[in-house]
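Student: First, the structure itself, so that you have it in front of you.
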Amino acid sequence: MSEGLFGIHGAALEIRSQRMSVLGSNIANAATPGYKARDVDFGSALQARLGGVEAERASEGAVKYRIPTMASLDGNTVEMATEQTAFAENAVAYTATLNFLRGRVETVTRAIRGE
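Numbers in this note's numbering are just positions in the sequence shown, counted from 1, shifted up by 8.
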């Protein structure tokens, strides 16, 4: 029932949450020598999720390593400007998806109450 009610937005919210975690990990490891920055390919993960793959597996399969614009001498590929921009964009998309879902729940609640 939730899939029909929420459409792809429930799956999108799960993937955006997992992407937020990956991006946060990149930012946290910006000074770790040899750390390789990663990102979740949202489109691939969403397609896998809609194809019936579990949320965790869909995101894991869509994780890609970032190719740095300017290589670091210590082997770390985290570029803070890139990570912060991706994190902010993902946060905005997460909030928009969450607000959409909240609106759906409120609509269903009003319908149940008969308002």
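Beta carbons: idealized from backbone N, C-alpha and C, even for Gly.
1. What whole-angstrom Cβ distance do VAL30 and ASP47 have, given they're in contact under 8 Å?
2. What first and last residue would you give for the alpha helix (DSSP H) that runs through TYR102?
3. Identify which residue in SER67, ALA79, THR90 and ASN34 has its Cα closest to the Cα of ALA19.
4. So, are the CB atoms of GLY42 and GLY15 less than 7 Å apart?
5. Run the CB neighbour count on ARG65, radius 10 Å, all protein chains shown included, and call it buried at 16 or more, exposed below.
6. In the DSSP assignment, find the alpha helix (DSSP H) that holds ARG65 and state where it starts and stops.
7. Using a Cβ-Cβ cut-off of 7 Å (strictly less than) and excluding sequence neighbours within five positions of ALA101, which residues of its own chain qualify?
8. Helix, strand or coil, according to DSSP, for MET9 in the structure here?
9. Comparing alpha-carbon positions, which option in ALA53, ARG74 and ASP49 lies nearest THR90?
10. Relative to the C-alpha of HIS17, which candidate in GLN26, ALA39, GLY122 and LEU54 has its C-alpha closest?
11. For ARG57 and LEU21, I'd like the C-alpha separation in whole angstroms.
12. For ALA70 versus SER52, is the C-beta spacing smaller than 7 Å?
Tutor: Result, derived from the coordinates:
1. 6 Å
2. 88-121
3. SER67
4. no
5. exposed
6. 63-69
7. ARG24
8. Because the pLDDT at MET9 is just 42, under 50, the model does not fix this residue reliably, and the value given afterwards should be weighed accordingly. Residue state, collapsed to three classes: coil.
9. ARG74
10. LEU54
11. 11 Å
12. yes
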